[in-house]
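Heads up: the structure comes next, in structure tokens.
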Amino acid sequence: MRVLAIGAHPDDIEFGCGGTLLRHRLAGDAVTLLVMTTGEQGPDAEMRTREQEQAVGLLGADLRWGGFLDGSVSADGDAVRVIERVIAATSPDVVYTHAPQDTHQDHRATSAAALAAARRVSRVLCFESPSSIGFNPTLYVDIAGLVEPKLDLLRAHMSQVLRMGSLVDLEATESQARYRGFAARVREAEAFESHRFLWDPVIAERSSRAAIVLTELDAASSDGTASDRSPLRRFLDGEQSS
Ligand SMILES: [Zn+2]
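First residue of the sequence shown? That's -9 in the numbering used here, and the numbers climb one at a time after it.
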């Protein structure tokens, strides 16, 4: 499988889907990260560039830069064209990017541009950031055993992790994995909003220890009564048909 993850700044992708990308790499998938800005204007840009390169080295992934200035990612044609070029070069089976609703303008712009550029990709999943608004996940990836390696990816972004008042908080990241895991009925998970997801039930059946836990079926029926649920769902729940 070929995987493309698109983030606005260094560390956004690792925070949003670092554990999921580690799972992809463990399965032998080719992973590319596209980071739209170096995260700072001025001399710190060089340090954050090095930190991002180090994280990508740990992950064993490829790295591309979008070339935008921090705070100035455009949601219009310029950013769409940059992302389209990377999609054309990497032919991803799945694209991960920011969820659309976020207080940071670069995150919103990156999400809008990525969703436009990935209009022909069959699987597009949106990850959360510390500045997400109203994030409402329906799709989860089990990252059991990968939380510490995920934290290592974030530790590569030392200037952010050590900065006072930084939103990259390793304890919070760990708690978040547990909290999302609880929602997905596993130990630890990363959560996604599904923009578009081509589901292959045969692949899921063959990987009995499935990585991906789809809860959309349950979410759709959670506010209904038992009689509103599909016969298949009731069968799986062990209920007698009446
Ligand atoms: Zn960011």
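Beta carbons are placed, not taken as given, at the ideal position from N, Cα and C, and that holds for glycine.
From residue i to residue j, what does the alpha carbon distance come to, in whole angstroms?
| i | j | result |
| --- | --- | --- |
| A200 | L160 | Here A200 scores only 46 on pLDDT, less than 50, and its place in the model should not be relied on; the value that follows carries that caveat. Each residue's alpha carbon lies about 27 Å from the other. |
| V76 | R(-8) | 12 Å |
| E43 | V137 | 20 Å |
| A146 | R38 | 10 Å |
| F117 | A181 | 7 Å |
| P90 | D60 | 18 Å |
| G187 | P127 | It should be noted that the sequence gives Phe, not Gly, for residue 187. Each residue's alpha carbon lies about 13 Å from the other. |
| F58 | P191 | 39 Å |
| Q31 | I193 | 45 Å |
| V46 | L144 | 11 Å |
| Q252 | V111 | Lying before the first or after the last residue shown, residue 252 is absent from the chain, which here runs from -9 to 232. |
| L49 | P0 | 14 Å |
| A162 | L129 | 20 Å |
| I(-4) | R40 | 18 Å |
| E183 | G29 | 24 Å |
| D19 | R153 | 33 Å |
| D92 | L157 | 14 Å |
| G124 | H97 | 14 Å |
| E4 | A103 | 20 Å |
| P82 | H185 | 15 Å |
| G171 | A179 | 4 Å |
| A78 | A134 | 33 Å |
| T27 | A167 | 26 Å |
| S119 | D2 | 7 Å |
State the CB to CB distance for the pair residue i and residue j, rounded to an integer number of angstroms; the pair is presumed to be in contact (CB under 8 Å).
| i | j | result |
| --- | --- | --- |
| G56 | L24 | 6 Å |
| V84 | R113 | 4 Å |
| K140 | G8 | 4 Å |
| Y86 | L53 | The Cβ separation is near 15 Å, so there is no contact. |
| V63 | D132 | Not really, about 31 Å apart at Cβ, beyond 8 Å. |
| V21 | A65 | Not a contact, Cβ separation roughly 25 Å. |
| T236 | A(-2) | The displayed coordinates of the chain run from -9 to 232. Any statement about residue 236 would go beyond what the structure contains. |
In terms of residue numbering, what span does the alpha helix (DSSP H) encompassing residue i cover?
| i | result |
| --- | --- |
| R13 | D2 to L16 |
| I73 | G67 to T80 |
| L48 | D34 to L49 |
| V84 | V84 -> not in any alpha helix (DSSP H); beta strand (DSSP E) instead, spanning V84 to H88. |
| D142 | V137 to R145 |
| V151 | M148 to V151 |
Can you tell me which residues form a DSSP beta bridge with residue i?
| i | result |
| --- | --- |
| E180 | V131 |
| W55 | V25 |
| H(-1) | Partner(s): none; H(-1) has no beta bridge. |
| L157 | Paired residue(s): none; L157 is not in a bridge. |
| L(-6) | T22 and V85 |
| D264 | Since the first residue shown for the chain is -9 and the last is 232, residue 264 is missing from the structure and cannot be characterised. |
At which residues does the beta strand (DSSP E) containing residue i begin and terminate?
| i | result |
| --- | --- |
| H97 | No beta strand (DSSP E) contains H97, which is instead part of the alpha helix (DSSP H) from Q95 to A107. |
| R113 | R113 to F117 |
Decide if the region 102 to 110 is in contact with the region 64 to 73; the criterion is three or more beta carbon pairs, one per stretch, under 8 Å apart. Yes, the region 102 to 110 touches the region 64 to 73.
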